[in-house]
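Engineer:
Chains as they are written, first to last, in UniProt numbering: chain H, 1 to 273; chain P, 1 to 273; chain C, 1 to 273; chain R, 1 to 273.
#1: For residue 144(P) and residue 121(P), I'd like the C-alpha separation in whole angstroms.
#2: In this structure, what does DSSP give as the bridge partners for residue 43(C)?
#3: Contact defined as beta carbons within less than 8 Å: I believe residue 235(R) pairs with residue 201(R). What is the distance between those atoms, to the nearest angstrom?
#4: How would you list, in chain order, the residues of chain C whose beta-carbon sits under 8 Å from the beta-carbon of residue 62(P)?
#5: Say the cut is 8 Å; is the CB of residue 194(H) nearer than that to a heavy atom of the ligand NAP?
#6: Return the residue from the list 195(C), 78(C) and 34(C) that minimises the CA-CA distance to residue 58(R).
#7: Which of the three DSSP states, helix, strand or coil, is assigned to residue 94(R)?
#8: What does the alpha-carbon distance come out to for the pair residue 45(R) and residue 78(C)?
#9: Between residue 196(P) and chain B, is any beta-carbon pair separated by less than 9 Å?
#10: Can you name the residues of chain H whose CB is closer than 7 Å to the CB of residue 96(C)?
#11: For the alpha helix (DSSP H) that contains residue 127(C), what are its first and last residues?
#12: Can you tell me where the alpha helix (DSSP H) holding residue 173(P) begins and where it ends?
#13: Considering only their Cβ atoms, is the gap separating residue 254(R) from residue 266(C) smaller than 9 Å?
#14: For chain P, is any of its Cβ atoms less than 9 Å away from the one on residue 35(R)?
#15: Report the residue from 177(P), 106(P), 65(P) and 146(P) whose alpha carbon sits nearest the alpha carbon of residue 131(P).
#16: List, in order along the chain, the chain C residues whose C-beta lies closer than 9 Å to that of residue 240(R)?
#17: Which of the three DSSP states is assigned to residue 162(R) in this structure?
#18: With 16 as the cutoff for other CB atoms within 10 Å, does residue 123(R) come out buried or exposed?
#19: For residue 29(R), decide whether its Cβ has a neighbour in chain P, counting only Cβ atoms nearer than 9 Å.
#20: For residue 78(C), return the contacting residues in chain R, with the cut-off set at a CB-CB distance below 9 Å.
#21: Step through the CB atoms of chain P and report whether any lies within less than 9 Å of the CB of residue 249(H).
#22: Whole-angstrom Cβ separation of residue 232(H) and residue 248(H), contact assumed at under 8 Å?
#23: Please classify residue 166(H) as buried or exposed, where buried requires at least 16 neighbouring CB atoms within 10 angstroms.
#24: Could you name the residues of chain C that residue 244(R) contacts, counting a contact when the two beta carbons are closer than 9 Å?
#25: For residue 143(C), does the three-state DSSP call read helix, strand or coil?
#26: Which two residues bound the contiguous beta strand (DSSP E) that contains residue 274(C)?
#27: Quick one: residues in its chain with C-beta nearer than 7 Å to the C-beta of residue 37(P), no 5 flanking neighbours on either side, listed in chain order?
#28: How would you list, in chain order, the residues of chain R whose beta-carbon sits under 8 Å from the beta-carbon of residue 271(C)?
#29: Confirm, please, whether the CB-CB distance from residue 103(P) to residue 71(P) is below 9 Å.
#30: Per DSSP, which one or two residues make a beta bridge with residue 133(C)?
#31: Return the bridge partner residues of residue 250(H) from the DSSP annotation.
#32: Given this structure, state the Cα-to-Cα distance separating residue 258(H) from residue 75(P), to the nearest angstrom.
#33: Tell me whether residue 195(R) sits in a helix, a strand or coil according to DSSP, three-state version.
#34: Can you confirm whether residue 156(H), when its beta carbon is compared against all beta carbons of chain P, has any partner nearer than 9 Å?
#35: Between the region 188-195 of chain P and the region 238-245 of chain P, do at least 3 Cβ pairs fall closer than 8 Å?
#36: For residue 154(R), tell me which candidate among 12(R), 268(R) and 8(R) has the shortest Cα-Cα distance.
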């Protein structure tokens, strides 16, 4: 049976599509370093009705690209002036856009996805603010879940922190409190598994120390610059955790924003119904 | 074998992911009725370098939602003041956003996709400007391709018009010349097959008469208002046509823009490698 | 001597132009009810150099209109569905914009301006958070300054609160602490003098009670709705106060934003050098 | 009599304020090199009514700064990498904004203004597309008007081209046809008079050759780079011409957009009533 038939059979047999993206709403928590998401309707129904009784409403959006659930392009972070692959950041920029390694260069992903539910493995609803997920935590999670990570997989690290998104936006952003996540060691461990992309239910994927803001981001350097591994942030991982879905078909199709450093996305975990 | 395993096996055996979305670039052709896509980098690498040599670049975007390749939410079009399902358009709007039938209510799609390559079936590179694709054209295409349309499928109608997107943006928009596509009869025929969504390689999915602009959109009424069938516009369908890929796993995950009337998207056709 | 000659003579003799507007910067304090001011350069010098060595840089702005120093159009506030003059707010809106009483209907102002330096009159640097400037405070200020208010004047009420704009943005916005300003009684008193417009060095012109946000704005109702008196907010009034300039030629030229509810402005106080 | 008294007397005696700015509307003609002006109301009256019956409407704007009637900051144009005064364009930029010579550095203007009504002097309603206003045309205009230009004045050059703004937007922009205006020689002549700023009723102030777009702008170089003279574009000059107002008090107060290359403005010509 070829793969196309397998996919169509799977569709016919019934699939469950778990939505891993946040709804984009005006006022939602996001980093103040990026233009806030705003939306308005220039035209509502009734503003301009055609002779035949038809009417169209439309939108106006303004935003950064690192808002809501989003993916970092490799052009997002540089170290000592260099992007991934030793590419000079100044050279990658042409005509005011990152022609190299910009968001438009991110291939859509249909890959094996793995959830590392660290919070559950450590027996908590949610990790402590500023907690650094250690390599031994990641390994304990893998063991507990009885799962392996393969080259090319997308690995999602769940801290449980996403529960604060709606209930306490200030805490979710964690400027004062810090945010849990992997640190440099965890990033090196993930890169050692040759994963294609990583994600988390937090605003910056990696651990933020209390009061430190986004001033130091070693895991970003390890992943984006040193290994060319994409990072997905502000994901919704609680449904996967609740239902014990640790392995799935991961789908992510970023907007091909020419020369941009990232894109808002709505990633999916697809499994049998 | 359960569906999850089938999906993961398919991934392992190698998949081909055909990108059906247009790159979003400043100045690309789009309807003047919607805010133009604009992008700038508020911060480039080097603007603000941290003590450790790290630097992050970021973006600012402003746009309508019906720009680039995009999907129409059911809140986009009303007829005589009513949205799909007889919902009062004024009631659907709460606090200045379409709480009902807005873009955030579009479920991500992982469905059987069918390409109706009408241009090839009619033996042309590209249909004539303003040509209305008739029901007999659709049926001839189906017959030629030896394919069926099932309930819940996503059907993509290819006119070949997408070739003008880059080479002749004014012609692509077709204000003066018109644009080929299905008309009311074709929309009724598609709705009769109980499809979930439809798409095309043109700016407004349906046929635009020369000089008429977007003043009359009967297929939008039939599909969005009368049948609740989503419409995807400005798709890239030439790779599918070239390689004779007429049946595939169609994936589309719109941004969940709360209360908006549509969303830019990057749809995918997934088949065996 | 006619007025034109008088103006040109005054120019020739030397004028002092006191800038009453805030610099617009990304991240400045503004009401969260309005889209934040954002700015980026899509093109910088060097991005695209013409053959002759010339190059142009340009900008991209996104913002609300009630940001920085700004003026409220009469379309900004309604009471029981009615705008100033008993105009139905729904009727004033045509095609999705306030055709009546929008920002484009505000005539540019070249008028007598009066500073009421209430803080100095009360012997403080800055009024207390949430302090309501009473009618007797206004009258004491007038008496102390030895000034009169005439019909058609523009009256600027200084609380000293502007000093927090740069040093403590959270305090300036005053969500928790409240903000000093006139209340309903003060607004009635100002309207009783038949002034053309009023202004203040605070974010909402009127007194905000601690913790109350912008939930109740009685002075806005009195001024905008009942009397058609424009309101200018977030002004810089400290230079006028420092130099005892209480009477001046006030100039304000709002952007004629068609159908908008306000405009950012840079008002001027012009006096002899 | 001191200048303040003179100004207040002039106000009392009655002033006429001639509006030289275009209304900003969605879809108005502007250069495609700059983000288009867009406006929407995120909140309209009725969307959110407070318990006391009050309601506020507000706006969302996105735009370039060189839209509508606008002023060019000195940071707008460079020649061989240098801005006015030999300042390195790369040095002027700090943190992604033109800290030096940006729009926030433009002092508000209250100056003698002079209209050079070249169209009337040459006996036409409107100069021909692409016509270069020669030095002898400027001198003939001065002579005909019996006026002098002084150092520090603001000189507005009227071609009559503004009549196309509403009636034929494509022609106004003049991409194909060209646009009348001064060329390099005229700019040198204006700079020779040590004017503070210049303006015109056209989209780019200077003459645009048919089909040439904005590819070569020698007058911009002469004025902005070589002499530090501001340029105001897309002005409304017909009322001044119609009423023969050739000398006036010119007022312009640009938005102090930090680090931007220009600002939309609404300049005024003030004369006795």
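All C-beta atoms, glycine included, are put in the ideal place defined by N, C-alpha and C. Quick caveat: nothing in here was measured; it's all calculated off a predicted structure.
Structural biologist: Reading it off the structure:
#1: Straight across, the Cα-Cα distance linking residue 144(P) with residue 121(P) is about 7 Å.
#2: 58(C)
#3: 5 Å
#4: 60 and 62
#5: For the structure depicted, the ligand NAP is absent and the ligand set is empty, with no information on it obtainable.
#6: 34(C)
#7: The answer is strand: DSSP assigns residue 94(R) an E or B state.
#8: Spanning the two alpha carbons is a distance of roughly 7 Å.
#9: No chain B is part of this structure, whose protein chains are labelled H, P, C and R.
#10: Chain-order list of chain H residues neighbouring residue 96(C): 42, 43, 44 and 47, by C-beta distance under 7 Å.
#11: Unbroken run through residue 127(C): none, as it is neither H nor E.
#12: 169-173
#13: yes
#14: For residue 35(R), the nearest CB of chain P lies under 9 Å from its own CB, placing it at the interface with that chain.
#15: 177(P)
#16: Correct list: empty, because the minimum Cβ distance to chain C is about 13 Å.
#17: helix
#18: exposed
#19: no
#20: 45, 46, 49, 53, 54, 55, 56 and 57
#21: yes
#22: About 14 Å separates the two Cβ atoms, so there is no contact after all.
#23: By the beta-carbon neighbour count (other beta carbons within 10 angstroms, threshold 16), residue 166(H) is exposed.
#24: Under the 9 Å cutoff, chain C gives no residues; its nearest Cβ is about 12 Å from residue 244(R).
#25: helix
#26: Since the displayed chain C opens at 1 and closes at 273, residue 274(C) lies outside it and no answer follows.
#27: 24, 26, 28, 30, 63, 67 and 68
#28: 3, 4 and 7
#29: Yes, the Cβ-Cβ distance between residue 71(P) and residue 103(P) is below 9 Å.
#30: Paired residues: 182(C).
#31: 111(H) and 269(H)
#32: 28 Å
#33: Coil, per DSSP.
#34: no
#35: no
#36: Ranking 12(R), 268(R) and 8(R) by CA distance to the CA of residue 154(R) puts 268(R) first.
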